[in-house]
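**Student:** The structure is given below, and queries will be raised subsequently.
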Amino acid sequence: MLPSNSTTNDKLAKCMSKIKNYIELLRINHWFKNIVTLLGSFYALYQIKAEVQLSTLLLATIAFLLTCLLSSVNYIINQIVDVPTDLHHPVKKNRPLPCGIIPVRQAKFITVSLLVFTTTISLLFLNFKVILWLYSFLVAGMIYNIKPIRLKDISILDVISESVNNPIRFLIGWFAISVSYYPSFLLLLTLWSSGAVLMSYKRLRELKSLDTTIAQKYRLSFKFYTPRRLLMISIFWVFITIALLCVYAYQQ
Numbered sequence: 003m004l005p006s007n008s009t010t011n012d013k014l015a016k017c018m019s020k021i022k023n024y025i026e027l028l029r030i031n032h033w034f035k036n037i038v039t040l041l042g043s044f045y046a047l048y049q050i051k052a053e054v055q056l057s058t059l060l061l062a063t064i065a066f067l068l069t070c071l072l073s074s075v076n077y078i079i080n081q082i083v084d085v086p087t088d089l090h091h092p093v094k095k096n097r098p099l100p101c102g103i104i105p106v107r108q109a110k111f112i113t114v115s116l117l118v119f120t121t122t123i124s125l126l127f128l129n130f131k132v133i134l135w136l137y138s139f140l141v142a143g144m145i146y147n148i149k150p151i152r153l154k155d156i157s158i159l160d161v162i163s164e165s166v167n168n169p170i171r172f173l174i175g176w177f178a179i180s181v182s183y184y185p186s187f188l189l190l191l192t193l194w195s196s197g198a199v200l201m202s203y204k205r206l207r208e209l210k211s212l213d214t215t216i217a218q219k220y221r222l223s224f225k226f227y228t229p230r231r232l233l234m235i236s237i238f239w240v241f242i243t244i245a246l247l248c249v250y251a252y253q254q
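For the sequence shown, the tail end lands on 254 under the numbering used here, and the numbers increase by one without skipping.
Okay, structure coming up:
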């Protein structure tokens with residue numbers, strides 16, 4: 003007897019729901035942030051005036067994809083350690099981990115599997131400097147998320163530390179192409195400060211969307227931040243970014 007259309011549709015719906023939950027866990031919709039890795043690769047090609055070959059494009063693509071997978075590792079770690087605080091957030095409490103759709107044990111298994119896979123592929127295809135910066139990216143995420151340091155809970159430092167991911171991503175892409183040459187330190191500072199602009203503005207939007215009491219339970223840094231302070235911090239980083247960009251452009 004063939005299964006009815008309704009049964010087939012139910013199974014398909016459940017399957018799609020599971021896939022959606024795992025995509026949300028991996029935060030694949032945030033992979034676009036890793037485009038900075040590709041920018042690093044193509045800027046390295048431009049600076050060293052190298053010809054674009056299939057091998058260099060392959061290395062740039064591998065570096066980009068591994069950066070995406072390690073960013074997912076950081077996101078999963080973030081979600082695991084944030085389960086208690088995410089329960090206070092009106093939206094994040096409905097994520098797969100806080101509401102129990104995906105067990106924490108399973109999330110840990112996925113994290114380890116991704117780490118093993120990225121390590122294997124990086125050792126097979128990438129040079130030491132790329133691997134070094136790939137795992138700097140991972141360590142930066144751990145310092146940001148995990149106690150006893152957990153810079154995420156420390157006002158000002160949360161913005162500064164999270165923003166360092168921008169130059170790290172750039173360096174991953176750069177060293178996938180160029181091992182002998184280094185990018186301008188001013189350019190890296192500009193990438194870092196531009197990340198700080200985005201992070202402080204993100205905090206501002208987040209704080210404005212939450213009740214004060216809920217915000218402080220959800221994120222400890224919100225005990226210091228106010229909308230006015232975050233606005234001033236954002237403006238400060240905008241000026242720093244413009245200044246650094248001007249100096250860099252003048253030196254070229």
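Glycine residues also receive a C-beta, built at the ideal position from the N, C-alpha and C atoms.
#1: In this structure, how does DSSP classify residue 192 when only helix, strand and coil are distinguished?
#2: Could you check where the alpha helix (DSSP H) with residue 174 kicks off and where it finishes?
#3: For residue 183 versus residue 236, is the C-beta spacing smaller than 7 Å?
#4: What residue range does the alpha helix (DSSP H) around residue 64 cover?
#5: What's the C-alpha gap between residue 206 and residue 115?
#6: Just the C-alpha distance for residue 190 and residue 169, rounded to the nearest angstrom, thanks.
#7: Would you mind reading off the limits of the alpha helix (DSSP H) that contains residue 246?
#8: Quick one: what does DSSP say residue 140 is sitting in, helix, strand or coil?
#9: How many angstroms separate the CA atom of residue 238 from the CA atom of residue 142?
#10: Which residues in the same chain have their Cβ closer than 8 Å to the Cβ of residue 210, if we skip the five residues on either side of it in sequence?
#11: Give every residue of the same chain whose Cβ lies closer than 7 Å to the Cβ of residue 181, excluding the five residues on either side of it in the sequence, and list them in chain order.
#12: Can you have a look at residue 226 and say buried or exposed, based on whether 16 or more other CB atoms are within 10 angstroms of its CB?
#13: On the CB-based measure, 16 or more other CB atoms within 10 Å of its CB, does residue 70 come out buried or exposed?
#14: Between the C-alpha atoms of residue 150 and residue 173, what's the straight-line distance to the nearest angstrom?
#15: What do you get for residue 18, buried or exposed, if any count of 16 or more other CB atoms within 10 angstroms of its CB means buried?
#16: Evaluate residue 14 with the Cβ neighbour count: other Cβ atoms within 10 Å of its Cβ, from every protein chain shown; 16 or more gives buried, anything less gives exposed.
#17: Relative to the C-alpha of residue 138, which residue among 233, 73, 26, 232 is closest?
#18: Closer than 7 Å by C-beta to residue 3: which residues in its own chain qualify, once you throw out the five before and the five after it? Chain order, please.
**Tutor:** According to the structure shown:
#1: helix
#2: 167-179
#3: no
#4: 56-83
#5: 35 Å
#6: Their Cα atoms are separated by approximately 5 Å.
#7: Under the DSSP assignment, residue 246 falls in the alpha helix (DSSP H) whose first and last residues are 229-253.
#8: helix
#9: Cα to Cα, residue 238 sits roughly 24 Å from residue 142.
#10: 229
#11: 129, 131
#12: exposed
#13: Residue 70 counts as buried, since no fewer than 16 other beta carbons sit within 10 angstroms of its beta carbon.
#14: 28 Å
#15: exposed
#16: exposed
#17: 73
#18: Confidence in residue 3 is poor, its pLDDT being 48 and thus under 50, which makes the residue's placement unreliable; the coordinate value appears in the next sentence. Once the five neighbours on either side are set aside, residue 3 has no close Cβ partner at all.
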